[in-house]
Amino acid sequence: MPDHSFAKPLLKNAVKLVVWDLDETFWNGTLSEEGITPIAENVEMVKQLARRGIISSVCSKNEPDRALAALRELDVLDYFVLPSVSFQPKGKSIAGIVSALQLRPDNVVFIDDNPSVLAEAGYCCPGMVCLESPHQLAALMDSPFLQGAHDSELTRLQQYRLLAEKQNLKQTEGGSDERFLRASEIRIEIDFAVEENIERIVELINRSNQLNYTKRRIETEEARRRLLADLRAFGFNAGVVRVWDKFGDYGIVGFFMTLATLREYRLEHFVFSCRIMNMGVEQYVYEYLNRPSIEIVGPVANAIETFASVDWIKDGSRSAVISTLRRYKLVVVGGCDMLQLSTYCSADSSEFTNRQQNGFMKRLDDPFLILDDPERVRKSELRPYIPAFNADDMLALKHAAQEGDLIVLSLYRMMEVNYFRGTDGLTVRLDEDAVRDILKSELALWFVRNFNFVPSSNEERHEIIRMVLHTLSSWIKPGAKIVVLLENTRKLESNPDEKALRQRYNAFIVDMCKALDNLTYIDVNAVTGIEWLFDDGFHMRREGYYELAQAVTGVLDESRQEYQPAMALASVG
Numbered sequence: 000m001p002d003h004s005f006a007k008p009l010l011k012n013a014v015k016l017v018v019w020d021l022d023e024t025f026w027n028g029t030l031s032e033e034g035i036t037p038i039a040e041n042v043e044m045v046k047q048l049a050r051r052g053i054i055s056s057v058c059s060k061n062e063p064d065r066a067l068a069a070l071r072e073l074d075v076l077d078y079f080v081l082p083s084v085s086f087q088p089k090g091k092s093i094a095g096i097v098s099a100l101q102l103r104p105d106n107v108v109f110i111d112d113n114p115s116v117l118a119e120a121g122y123c124c125p126g127m128v129c130l131e132s133p134h135q136l137a138a139l140m141d142s143p144f145l146q147g148a149h150d151s152e153l154t155r156l157q158q159y160r161l162l163a164e165k166q167n168l169k170q171t172e173g174g175s176d177e178r179f180l181r182a183s184e185i186r187i188e189i190d191f192a193v194e195e196n197i198e199r200i201v202e203l204i205n206r207s208n209q210l211n212y213t214k215r216r217i218e219t220e221e222a223r224r225r226l227l228a229d230l231r232a233f234g235f236n237a238g239v240v241r242v243w244d245k246f247g248d249y250g251i252v253g254f255f256m257t258l259a260t261l262r263e264y265r266l267e268h269f270v271f272s273c274r275i276m277n278m279g280v281e282q283y284v285y286e287y288l289n290r291p292s293i294e295i296v297g298p299v300a301n302a303i304e305t306f307a308s309v310d311w312i313k314d315g316s317r318s319a320v321i322s323t324l325r326r327y328k329l330v331v332v333g334g335c336d337m338l339q340l341s342t343y344c345s346a347d348s349s350e351f352t353n354r355q356q357n358g359f360m361k362r363l364d365d366p367f368l369i370l371d372d373p374e375r376v377r378k379s380e381l382r383p384y385i386p387a388f389n390a391d392d393m394l395a396l397k398h399a400a401q402e403g404d405l406i407v408l409s410l411y412r413m414m415e416v417n418y419f420r421g422t423d424g425l426t427v428r429l430d431e432d433a434v435r436d437i438l439k440s441e442l443a444l445w446f447v448r449n450f451n452f453v454p455s456s457n458e459e460r461h462e463i464i465r466m467v468l469h470t471l472s473s474w475i476k477p478g479a480k481i482v483v484l485l486e487n488t489r490k491l492e493s494n495p496d497e498k499a500l501r502q503r504y505n506a507f508i509v510d511m512c513k514a515l516d517n518l519t520y521i522d523v524n525a526v527t528g529i530e531w532l533f534d535d536g537f538h539m540r541r542e543g544y545y546e547l548a549q550a551v552t553g554v555l556d557e558s559r560q561e562y563q564p565a566m567a568l569a570s571v572g
């Protein structure tokens, strides 16, 4: 005899949906003119499941108006999502419900007392668990796969009702998916207050499969502690994703965590609820994060980027800081710490930070990225083999600076001494680790023959940065502003020489800002808390970069207020 799934009602996956028959389930016998005799324990089981965040639907061969009226009389109709009451084959109807609710059959249970119907349903929905009686479900209510998540306010039920309403409207109106999405008025907020939402984050990571692209489960206390530690570590940045549209609020439906280091920028976590499947949310967030690298762990329901362009989702951030930064085009130049700042900025921002090139780390906080001639760099026979900027980088930065509203610079690394001049006559700043890696590679002898170390004094390096700032100042459009970040001088008691160098650099930048009208500075010592600063004196926790983003917002607001009156006076003149 074939081993049908309904012959062994064993749960192997978390249950998210239970599809019920009606006759002999919620009332004895079939519907009749004399009324119904309720089966109260099954009605209560539907409500109990809802309080666990497990939704219910109906698939029954009955006269629709009478069946729905009976459910209303039992005060249970509102607990069912997308009820299917008709005389159509049940297998296809159930498959339609599962698809419309964007679930997998593996997470669905179907109850019916007719073996042939169960066989049909199992054929149409492979992997679905089929039970012959509500008693079998009652016996499984203590299973860990039926515990769901505590939801006494029935939030998940309401969210799936919204999804069902959208499906009904979409079928009624017709038209393309993208036309419907544009009419849905989808709004998104990325909230960086992650730790206060840790329970929802862990639930998303552990429960979601179809849109969990990384599948790094948090199933032990050790994994949870590691996640919390990463949230506080330098280089990691995380956010929860909230979505709502004209149909209602879906709540927190996504979570991401990125890691930005000298060598890479990648996604550690990238997970979404299936409730927002086919809305383009995951693509919008991925593009917002500037497409970090990701190792996708299958299976997933769809690729991250499935639409040519997601132009129907609007920023709905309720944070004044984030909203302001996303309205403008920012250009950031510096080390990997600038990636932490740019997380809070617009997806339209441009980043010129550390990048990988041929296995070596290429830094773009190099003064000659701005000062050199792109054509000379393009013609250089040496440049393709070293981890340094190329002509395309130079032209991209100039274009971005000309179009940007605010250019944020972290230039202190330009004060380091690791400058080299090649036999092509061009000077580059090479990261110390990159030089070490080159000298350990097959390029070592070639590098020694073609490059010489260029000694320079602090004053000479100050002069180079002066030329950089004057050049950038000549590029930017009217009303735009350049912000130079002063260097941190805290937690350097054990290194007084380094502290003195940073203080001299900061004083030099302050003087430069007095000399150029479109140049200003932000003192990180004044606008960020010392509690966010790591002991290396260079890097901060993400809370520090959020405070820095607040300061950048203040500069944007101030520069706009200054520019608008000037424009008004010009028009009067």
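Heads up: the sequence shown runs through residues 0 to 572, numbered per numbering that gives the first Met the number 0. Using N, Cα and C, we set each Cβ at its ideal position, and we do this for glycine too. Only a predicted model underlies this, so the values are computations on that prediction, with no experimental measurement involved.
Checklist entry - What residues in its chain sit with their C-beta under 8 Å from that of P454, if we drop five residues either side in the sequence? => result Excluding the 5 residues flanking it on each side, P454 has same chain C-beta neighbours closer than 8 Å at V416, in chain order.
Checklist entry - What is the DSSP secondary structure of H149, reduced to helix, strand or coil? => result Under the three-state reduction of DSSP, H149 is assigned to coil, being neither helix nor strand.
Checklist entry - When we look at the beta-carbon of K480 and count the other beta-carbons within 10 Å, is it buried (16 or more) or exposed? => result Flag for K480 reads buried.
Checklist entry - Relative to the C-alpha of I521, which residue among E542, M539 and V482 is closest? => result For I521, the closest of E542, M539 and V482 by C-alpha to C-alpha distance is V482.
Item to check | beta strand (DSSP E) segment containing L363, residue limits | outcome: Looking at the DSSP string, L363 is not in any beta strand (DSSP E), and its letter there is neither H nor E.
Checklist entry - Would you call the region 448-465 and the region 407-415 in contact, with 3 or more CB pairs under 8 Å? => result Contact holds between the region 448-465 and the region 407-415, because three or more Cβ pairs, one in each stretch, are under 8 Å apart.
Checklist entry - If you draw a straight line from the alpha carbon of C124 to that of E152, how long is it in whole angstroms? => result C124 and E152 have their C-alpha atoms spaced approximately 30 Å apart.
Checklist entry - Using the beta-carbon count (16 or more within 10 Å), is F79 buried or exposed? => result Around the beta carbon of F79, 16 or more other beta carbons lie within 10 angstroms, which makes this residue buried.
Checklist entry - Can you give, in chain order, each stretch of the alpha helix (DSSP H) that sits fully within the region 149-233 and has at least 4 residues? => result Counting whole runs of 4 or more residues, the region 149-233 contains the alpha helix (DSSP H) stretches 154-172, 176-182, 197-206 and 220-231.
Next on the checklist: Here's the rule: buried if 16 or more other CB atoms are within 10 angstroms of the residue's CB, otherwise exposed. What is D364?
Outcome noted: Under the 10 Å beta carbon count, D364 is surrounded by 16 or more other beta carbons and is classified as buried.
Checklist entry - Is the CB-CB distance between A400 and I475 below 8 Å? => result Contact annotation: A400 and I475 have beta-carbon atoms nearer than 8 Å.
Checklist entry - Mind checking T213: buried by the 16 CB within 10 Å criterion, or exposed? => result T213 should be labelled buried.
Checklist entry - Thinking just about the alpha-carbon of each residue, which of E43, P88 and I96 is nearest to the one in L73? => result For L73, the nearest C-alpha among the options comes from E43.
Checklist entry - Should S440 be listed as close to the ligand GTP, given that the test is whether its C-beta is under 7 Å from any heavy atom? => result Of the ligands one can find in the structure shown there are none, so the ligand GTP has no counterpart to examine.
Checklist entry - Under 8 Å, do I93 and L156 count as touching if we go by C-beta distance? => result It is not a contact, given that the beta carbons lie outside the stated cut-off.
Checklist entry - Who are the Cβ neighbours of E218 in its own chain at under 7 Å, not counting the five residues just before and after it? => result Short of 7 Å from the beta carbon of E218, and not among the five residues preceding or following it, lie these beta carbons of its own chain, in chain order: N205.
Item to check | Inter-residue CB distance, L405 and L555 (contact presumed, cutoff 8 Å) | outcome: Yes, L405 and L555 are in contact; Cβ-Cβ is about 6 Å, under 8 Å.
Checklist entry - Under a three-way DSSP split, which group does Y249 fall into? => result In the three-state reduction of the DSSP assignment, Y249 falls in the strand class.
Next on the checklist: Classify F367: buried if its beta carbon has 16 or more other beta carbons within 10 angstroms, exposed otherwise.
Outcome noted: Result: buried.
Checklist entry - Is the Cβ-Cβ distance between A148 and G52 less than 8 Å? => result Judged by beta-carbon spacing, G52 lies within the 8 Å limit of A148, meaning their Cβ atoms are closer than that value.
Item to check | Spatial distance of D2 from Q47 (CA atoms) | outcome: Residue placement at D2 is poorly supported in this model, since its pLDDT is 41, which falls under 50; the coordinates still yield a value, given next. In a straight line, the C-alpha of D2 is about 31 Å away from that of Q47.
Checklist entry - Just reading off the beta strand (DSSP E) that F594 is part of, what are its end residues? => result In the structure as shown, the chain begins at 0 and stops at 572. Residue 594 is therefore absent and cannot be evaluated.
Next on the checklist: Relative to the C-alpha of E40, which candidate in T24, A49, T29 and P88 has its C-alpha closest?
Outcome noted: Minimum Cα-Cα distance from E40 among the listed residues T24, A49, T29 and P88 corresponds to T24.
Item to check | For M566, the three-state DSSP class (helix, strand or coil) | outcome: With a pLDDT of 38 at M566, under the threshold of 50, the modelled position of that residue is not reliable, and the figure given next carries that caveat. Reduced to three states, the DSSP call for M566 is helix.
Checklist entry - Looking at G126 and P143, is the spacing between their C-beta atoms short of 8 Å? => result Contact: no.
Next on the checklist: Taking 6 Å as the limit between beta carbons, can you name the residues of its chain near W531, skipping five residues before and five after?
Outcome noted: Closer than 6 Å at the Cβ level, and outside the excluded window around W531, lie M539, R540, E542 and G543.
Next on the checklist: Which runs of the alpha helix (DSSP H) at least 4 residues long sit entirely within the region 387-451? Give them in chain order.
Outcome noted: Residue ranges of uninterrupted alpha helix (DSSP H) with 4 or more members, entirely inside the region 387-451 and ordered along the chain, are 390-402, 431-438 and 443-449.
Item to check | Spatial neighbours of E177 in its chain, beta-carbon cut-off 6 Å, leaving aside the 5 residues before and after | outcome: Short of 6 Å from the beta carbon of E177, and not among the five residues preceding or following it, lies no beta carbon of its own chain.
Checklist entry - From this set, S207, R216 and P133, which residue's C-alpha is nearest I251's C-alpha? => result Each of S207, R216 and P133 was checked against the Cα of I251, and the nearest Cα belongs to S207.
Checklist entry - Between the Cα of Q166 and the Cα atoms of E557, Y418, I275 and R231, which residue gives the shortest distance? => result Out of E557, Y418, I275 and R231, the CA that lies nearest to the CA of Q166 is found in I275.
Checklist entry - Do you know how far the Cα of A120 is from the Cα of C58? => result About 11 Å.
Checklist entry - What is the DSSP secondary structure of S92, counted as helix, strand or coil? => result It is helical.
Next on the checklist: Within 10 Å of its beta-carbon, does S379 have 16 or more other beta-carbons around it, so buried, or fewer, so exposed?
Outcome noted: By the neighbour-count rule (16 or more Cβ atoms within 10 Å), S379 is buried.
Checklist entry - Given Q101, which residues of its chain have a CB within under 6 Å of its CB, disregarding the five upstream and five downstream residues? => result Listed in chain order, the non-local C-beta contacts of Q101 below 6 Å within the same chain comprise C273 and M276, local neighbours out to five positions each way being set aside.
Checklist entry - Do the CB positions of G238 and D314 come within less than 8 Å of each other? => result Cβ atoms of G238 and D314: not closer than 8 Å.
Item to check | Environment of L471 [buried if 16+ CB atoms lie within 10 Å] | outcome: Buried, since its Cβ has 16 or more Cβ neighbours within 10 Å.
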